[in-house]
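Here is the structure we will look at, set down as structure tokens.
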Amino acid sequence: MTGTALTVPVTEMHNHFSRCLSMVMDSVEIIVTRNGKDVGRFLSKDTAGPYLTNSLTGVLKTDTDPGPSKKERLREKYTLMG
């Protein structure tokens, strides 16, 4: 069961945590539900980094250079003080 996802109710996760942990260590993603709603996700350490990086791809829609806005803030700050 490599690279698969499994949905588990929180009570089952609680009752069989060791088994779920072993599955996560074998690269099985576990989505934990409570009252039918997704509440958490368990990923292996090796999977978490790429998962988070891929989920952020495309989030920044504008230029990410903080230079102009930082310069403007500093100019305003020190103009008021000087």
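In my numbering, the protein residues as written are 929 to 1010. Glycine included, every Cβ here is placed at the ideal spot set by N, Cα and C.
Are there 16 or more other CB atoms within 10 angstroms of the CB of residue i, so buried, or fewer, so exposed?
{"i": "M951", "result": "buried"}
Can the beta-carbon of residue i be found closer than 8 Å to that of residue j?
{"i": "V967", "j": "V936", "result": "no"}
{"i": "I958", "j": "F970", "result": "yes"}
Taking only the alpha-carbon atoms, compute the straight-line gap between residue i and residue j and give it to the nearest angstrom.
{"i": "S955", "j": "C948", "result": "11 Å"}
{"i": "R962", "j": "M941", "result": "10 Å"}
{"i": "E894", "j": "S997", "result": "Residue 894 lies beyond the stretch modelled for the chain, which goes from 929 to 1010, so this question has no answer here."}
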